[in-house]
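In this text, residue positions in the sequence shown follow the working numbering: the first is 1124, and each later residue adds one.
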Amino acid sequence: MARKPGLATRIWRSVFRTPLTPRTERERKRVVLNHLVLHMRPVRLPERTVAFRHTFGLGGMAAALVLMLILTGVLLMFVYEPTPERAYGSIQALRRDVRFGGLVRNVHHWSANLLVIITFLHLLRTFFTGAFHGARQFNWVIGTLLLLVVLAANFTGYLLPWDQLSYWAITIVTAMLGYVPAIGDGLRQLARGGSEIGSATLINFYTFHTTVFPVTLVTLMAFHFWRVRKAGGVVVPRAYDEPVAEKPDTVLFVPSLLAREFVTALVLVASVLVISVAFDAGLAEPANPGMSPNPAKAPWYFLGLQELLLHFHPTWAVVILPGLALLGLLAIPYLRYDEPMEGPWFLSATGRSLAIAGALAAFALTPLWVLLDEYVTDWSGWLAGLPPGLSEGLVPAVIALGVMWGVVRFAARQHGGNRQEVLQAAFAFVATALVILTIVGVWFRGEGMALTWPWTS
Ligand code: HEM
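Listed below in structure tokens is the structure:
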């Protein structure tokens, strides 16, 4: 008599065993209804899309990090107390008295920081493979919202340890809101829950961090995945000179992609654990509202913005330039293109040359701008008769954007290229400039936010 399969085998089969190709309506329904994993994924998918170097698994990694953040976040909530009197002490107690408490906090901390980086890289991947046309248009918008929520969730979490670092970082970023014309003061008060950072700020941030943003993130992610599915999966990679295949060869999701995703997730979790064991999330002195550290810096992902404040009038640095960047990002799928291109990295050999040219130009010009602005230019002195919004805002901004436009036009004249490829050059310029401004802010700004070498500060 044949042996009855064991419990583990039956669970495995019920989850993963599917008819190889659903042939009847009943089989198709069974595949869709019975298999939790397959709810999110198609049964078959184009063979080329499973290649790791097409997506680098970045979207999946972001999703895995969100999951880790939720798991560790819930554990942290058992110990953390969101009041100015007890918050710092509860983190100390977590690290000192709770078994693996420090490790759980470290995993939460590093996963959150990694999520910002991975989400940014995923954005670059989707942009440079042209994954924002047609059925993917709106998913790009959802992705942009996801990026904003990831930043907001990180930012609200930053305050919770209530140490000097977090207190003053939040003071600086919420003060930036005050530069929004007309409604700035109101916005700053709203973010702080009063005129100063205090218990109202902490409870507001705690509620947003533990409830509002996680729920929004998970909801948007579900929508995002559903849109990927509706678009027929990720864009299909191809060689530069190869036309888009009408009917690409397909493979089964289980095991072809599932196995790769599983391995990627395992490597990611292992890496986060190793980082968390090796590097402590740290805890500075308890928050002291009477004594600001020098330099007082925003969280690292907002240091590009803080760096802009050193070079442009606040309204331009905090509102107009980031606002234009955000609007530009949202508009990308809806611009007019000669022929929408998607698939290979950088879309074509010309696209690759233009993107490299844009990135290299920003790599050279951004530090140059920072140095000139620190030691040479004196906009308000040179244009003494003009209001500061023009002399320190409009004029330098027009020059900076003009330089970028000139570089992109020059590269396009050298290499050729259609609208989408020229857009890639501009995008590569802006993305590289942002990375460099962030690096300057993190490592090259010391006391009084003066330029310094990282090893002397
Ligand atoms: C928490 C943040 C995010 C998560 C968890 C996430 C997750 C994913 C996953 C799993 C995929 C499919 C596989 C892959 O491409 O790796 C995907 C695709 C996509 N994502 Fe995201 N994503 C996030 C943020 C973003 C952002 C910031 C953008 C861009 C603004 C974006 C735009 C897209 C687009 C356009 C696709 C379709 C790609 C294609 O068809 O090739 N996503 N995302």
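Just so you know, even glycine gets a beta-carbon here, dropped at the ideal spot from N, CA and C.
{"Asked": "C-beta atoms of T1561 and G1446 nearer than 8 Å", "Found": "no"}
{"Asked": "Same chain, Cβ closer than 7 Å to G1518, neighbours up to 5 away in sequence not counted", "Found": "It should be noted that the sequence gives Val, not Gly, for residue 1518. Taken in chain order, the residues that qualify are W1502, L1506."}
{"Asked": "Sequence-distant residues of the same chain with beta carbon closer than 8 Å to P1456, five excluded per side", "Found": "F1255, H1256, R1259, Q1260, F1261, W1263, V1264"}
{"Asked": "Best match in L1452, F1243, F1486, R1164 for proximity to A1345 [C-alpha to C-alpha]", "Found": "R1164"}
{"Asked": "Cβ-heavy atom distance, H1078 to the ligand HEM, below 7 Å", "Found": "In the structure as shown, the chain starts at 1124 and stops at 1580, and residue 1078 therefore has no counterpart that could be examined."}
{"Asked": "DSSP three-state assignment for V1359, whether helix, strand or coil", "Found": "coil"}
{"Asked": "Candidates E1497, L1450, F1469, of which the one nearest L1268 by Cα", "Found": "L1450"}
{"Asked": "Beta-carbon proximity list for P1416, same chain, < 7 Å, skipping 5 on both sides", "Found": "Q1287, W1291"}
{"Asked": "Where the beta strand (DSSP E) through R1568 begins and ends", "Found": "Careful: R1568 lies outside any beta strand (DSSP E) and carries neither H nor E."}
{"Asked": "Any non-hydrogen atom of the ligand HEM closer than 7 Å to M1344 Cβ", "Found": "yes"}
{"Asked": "Backbone secondary structure at L1244 - three-state DSSP", "Found": "helix"}
{"Asked": "Unbroken alpha helix (DSSP H) run spanning R1167, endpoints", "Found": "Unbroken run through R1167 is the beta strand (DSSP E), 1167-1169; no alpha helix (DSSP H)."}
{"Asked": "E1208 versus Q1215: straight-line alpha-carbon distance, rounded", "Found": "13 Å"}
{"Asked": "Boundaries of the beta strand (DSSP E) in which L1375 is found, first to last residue", "Found": "1373-1375"}
{"Asked": "Residue range of the alpha helix (DSSP H) that includes V1296", "Found": "1287-1300"}
{"Asked": "Span of the alpha helix (DSSP H) around I1320", "Found": "No alpha helix (DSSP H) holds I1320; DSSP gives it neither H nor E."}
{"Asked": "For P1409, the residue or residues it bridges with in DSSP", "Found": "D1286"}
{"Asked": "Nearest-angstrom Cα separation, counted from V1359 out to L1282", "Found": "42 Å"}
{"Asked": "Any non-hydrogen atom of the ligand HEM closer than 7 Å to A1131 Cβ", "Found": "no"}
{"Asked": "Proximity below 8 Å, CB of A1185 to CB of T1147", "Found": "no"}
{"Asked": "Exposure of A1573, with buried meaning 16 or more beta-carbon neighbours within 10 Å", "Found": "exposed"}
{"Asked": "Given L1453 as reference, the closest of L1246, S1234, I1240 once Cα atoms are compared", "Found": "L1246"}
{"Asked": "8 Å CB neighbourhood of G1569 in its chain, flanking five on each side removed", "Found": "P1418, T1575, T1579, S1580"}
{"Asked": "Contact test: H1436 Cβ vs the ligand MG heavy atom, cutoff 7 Å", "Found": "As presented, the structure is devoid of the ligand MG, carrying the ligand HEM as its sole ligands."}
{"Asked": "Residue range of the unbroken alpha helix (DSSP H) whose run includes M1344", "Found": "1336-1353"}
{"Asked": "For I1588, the nearest candidate out of R1315, A1276, P1304 (CA to CA)", "Found": "As shown, the chain starts at 1124 and ends at 1580. That puts residue 1588 outside it, with no answer to give."}
{"Asked": "Near the ligand HEM: F1328 beta-carbon under 7 Å from a heavy atom", "Found": "no"}
{"Asked": "V1189 vs S1399 beta-carbon contact at 8 Å", "Found": "no"}
{"Asked": "CA-to-CA distance, F1336 to L1270, given in whole angstroms", "Found": "12 Å"}
{"Asked": "Classification of I1134 by the beta-carbon crowding that lies within 10 angstroms, buried from 16 upward", "Found": "exposed"}
{"Asked": "Which listed residue (S1471, L1513, P1511) has its alpha carbon closest to that of R1542", "Found": "S1471"}
{"Asked": "beta-carbon N1262 near the ligand HEM non-hydrogen atom, thresh 7 Å", "Found": "yes"}
{"Asked": "Helix, strand or coil at L1491 [DSSP, three-state]", "Found": "helix"}
{"Asked": "Counterpart residues of L1574 in DSSP-defined beta bridges", "Found": "R1568"}
{"Asked": "Environment of I1293 [buried if 16+ CB atoms lie within 10 Å]", "Found": "buried"}
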